[in-house]
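Below is one structure; the comments refer to it alone.
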Amino acid sequence: MTVNALLVGGPTVVLRYGPLTFLTDPTFDPPGRIGNLVKTAGPAVSASEISNVHAVLLSHDEHEDNLDESGRAFLKAVDHVFSTPGAAGRVRGVTGLAPWQTFTLDHGDTSTTVTAVPGQHGPKVLRSLLGDVTGFIVQSDGLPTVYVSGDNSSVKVARTVAARFPDIAIAFLFVGGAGVKPISSVRLTLDAARALKVAEAMPGASIVPVHFEDWAHFREQREEFLAAFAAAGATDRLMLLERGVERQLG
């Protein structure tokens, strides 16, 4: 069994994990202004082209760059949608998982465990404004352990996850150093400097950076991110996804 990934765009990734197919943070709307954000590119793959999704890993439901209107429609056709307990109260069909809570998906003879892990979307003092986010760990016998950070900006939080799951082999990090008015100087997701520290905390993991393109509010573009990893001698840690192209990760 293998682990493959296809980047739809932004935070949206089709993750084929053994016999199961996961989707992260569904965003399928066309470019344009969405709420107070500006989307600069549409999805590389349309929602109608993605089938047989067993579960959605939704980091949070309150920001349009992680769940847009087309993404909300997509959720209705999926049996399992995992997110924060707050999201479960706002979005019908969502299973809310508190940090470290697990859910097991059985498929034939294969059992896959999804564990919700902590996330921090910007400084703690802005939690009431920005809301809660969650990350995820996906595990199954015979397959590499996968970490999906969600919109976590905290190295300390990521280190806590790494301590609990020292065998993380593939880490999807939401990067780009997002910032929005009137707090544009505050980083709401990881930038390259913080992502490098997360990579140090997960020494056995291939780093898959996502959510640093297709939106105008990223303060660090793809080229800057890659340059920072190159300067740190860490390019070999990266596994890069190209929009619309499926790649085997493990």
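In this note's numbering, the protein residues as written are 474 to 723.
Think of the CB as a built atom: it goes at the ideal place given N, C-alpha and C, for glycine as much as any other residue.
_Can you check which of these residues, Ala642, Thr662, Gly649, is closest to Val767 by C-alpha distance?_
The displayed coordinates of the chain run from 474 to 723. Any statement about residue 767 would go beyond what the structure contains.
Worksheet entry | From Glu715, Gly717, Glu696, Phe685, residue whose alpha carbon lies closest to that of Thr513 | Locating residue 513 in the sequence shown gives position 40, where the first residue counts as 1. Nearest C-alpha to Thr513: Phe685.
**Request:** Return helix, strand or coil for Asp664, following the three-state DSSP convention.
**Result:** The residue given as residue 664 occupies position 191 in the sequence shown. In the displayed model, Asp664 falls within coil according to three-state DSSP, outside both helix and strand.
Measuring straight from C-alpha to C-alpha, what distance separates Met675 and Leu510? Position 202 of the sequence shown holds residue 675. Position 37 of the sequence shown holds residue 510. If you draw a straight line from the Cα of Met675 to the Cα of Leu510, it comes to about 32 Å.
Quick check on Gly650: buried or exposed, where buried means 16 or more other Cβ atoms within 10 Å of its Cβ?
Here residue 650 refers to the residue found at position 177 when the sequence shown is read from its first residue. Residue burial annotation: Gly650 is buried, with at least 16 other C-beta atoms found within 10 angstroms of its C-beta.
For Lys512, list the residues DSSP reports as bridge partners. The sequence position of residue 512 within the sequence shown is 39, counting from 1. In DSSP, Lys512 forms a bridge with Gly505, Trp688.
Exercise. Determine which residues share a DSSP beta bridge with Phe609 and list them.
Key: Numbered from its first residue, the sequence shown carries residue 609 at position 136. Answer by DSSP bridge pairing, in chain order: Ala589, Val621.
| said: From the DSSP secondary-structure annotation, give me the bridge partner or partners of Gln721. | reply: Stepping through the sequence shown from its first residue, residue 721 is reached at position 248. According to DSSP, Gln721 bridges with Asn477.
Is the stretch 548-561 touching the stretch 629-647, taking contact as three or more C-beta pairs under 8 Å?
In short, these stretches do not touch, since the Cβ pair count stays below three.
Worksheet item: Taking one C-beta from the stretch 574-587 and one from the stretch 532-549 each time, how about it: are there three or more such pairs within less than 8 Å?
Response: Note that the stretch 574-587 does not touch the stretch 532-549; fewer than 3 beta-carbon pairs, one per stretch, sit closer than 8 Å.
Checklist line | N-terminal and C-terminal residue of the beta strand (DSSP E) that Phe645 is part of | finding: Taking the sequence shown and counting its residues from 1, the one referred to as residue 645 is at position 172. It spans 641-647 - the beta strand (DSSP E) in which Phe645 sits, taken as one unbroken run.
- Does the distance from the CB of Ser543 to the CB of Phe501 come in under 7 Å? Walking along the sequence shown from the start, residue 543 turns up at place 70. Walking along the sequence shown from the start, residue 501 turns up at place 28. Taking 7 Å as the Cβ cut-off, Ser543 and Phe501 qualify as a contacting pair.
State the Cα-Cα distance for the pair Val598 and Asp605, rounded to the nearest angstrom. Stepping through the sequence shown from its first residue, residue 598 is reached at position 125. Stepping through the sequence shown from its first residue, residue 605 is reached at position 132. Summary for Val598: the model assigns pLDDT 47, below 50, so the residue's position carries little reliability; its value from the coordinates is reported in the next sentence. Rounded to the nearest angstrom, the two C-alpha atoms are 12 Å apart.
(message) Would you say Val511 lies against chain D (beta-carbon separation less than 7 Å)?
(response) Although the question refers to chain D, the structure presented lacks it and comprises just one protein chain.
Exercise for the section: List the whole-angstrom C-beta distance separating Ala665 from Ala701, where the pair is believed to meet the contact cut-off of C-beta under 8 Å. Expected result: Counting from one through the sequence shown, the residue named residue 665 turns up at place 192. Counting from one through the sequence shown, the residue named residue 701 turns up at place 228. At roughly 3 Å, the Cβ-Cβ gap stays under 8 Å, so Ala665 and Ala701 are in contact.
- Sorted by chain position, which residues of the same chain lie with C-beta nearer than 8 Å to Leu711's C-beta, five sequence neighbours on each side aside? Walking along the sequence shown from the start, residue 711 turns up at place 238. Cβ neighbours of Leu711 beyond the five flanking positions: Ser679, Ile680, Val681, Pro682, Leu699, Phe702.
Could you pull the DSSP bridge partners for Asp579 from this structure? As a position in the sequence shown, residue 579 is number 106, starting the count at 1. As DSSP reads the structure, Asp579 sits in a beta bridge with Ser584.
Next item on the list: Go through its chain and collect everything with a Cβ distance to Thr568's Cβ below 7 Å, but skip five positions before and after it.
Entry: Locating residue 568 in the sequence shown gives position 95, where the first residue counts as 1. The beta carbon of Thr568 lies closer than 7 Å to those of His553, Val554, Phe555, Ala561, Phe576 in the same chain, with the five residues before and after it left out.
Could you tell me how far apart the beta carbons of Leu480 and Glu715 are, in whole angstroms, since I believe they sit closer than 8 Å? To locate residue 480, count along the sequence shown from 1; it is residue 7. To locate residue 715, count along the sequence shown from 1; it is residue 242. The pair is a contact, with the Cβ atoms about 7 Å apart (cut-off 8 Å).
| task | State the DSSP-derived secondary structure class of Arg565, mapped to helix, strand or coil. | result | In the sequence shown, residue 565 corresponds to position 92, counting from 1. The answer is coil: DSSP assigns Arg565 none of H, G, I, E or B.
Nonlocal neighbours in the same chain, by C-beta distance under 8 Å from Ser601, ignoring five residues either side: One-based indexing of the sequence shown puts residue 601 at position 128. At Ser601, the pLDDT of 49 sits below 50, so the modelled position is not reliable; the number obtained from the coordinates is stated separately. Cβ neighbours of Ser601 beyond the five flanking positions: none.
query: What distance in whole Å lies between the Cβ atoms of Thr618 and Phe638, which are believed to be in contact at a cut-off of 8 Å?
result: Indexing the sequence shown from 1 puts residue 638 at position 165. Indexing the sequence shown from 1 puts residue 618 at position 145. That belief holds up - the Cβ atoms of Phe638 and Thr618 are roughly 6 Å apart, short of 8 Å.
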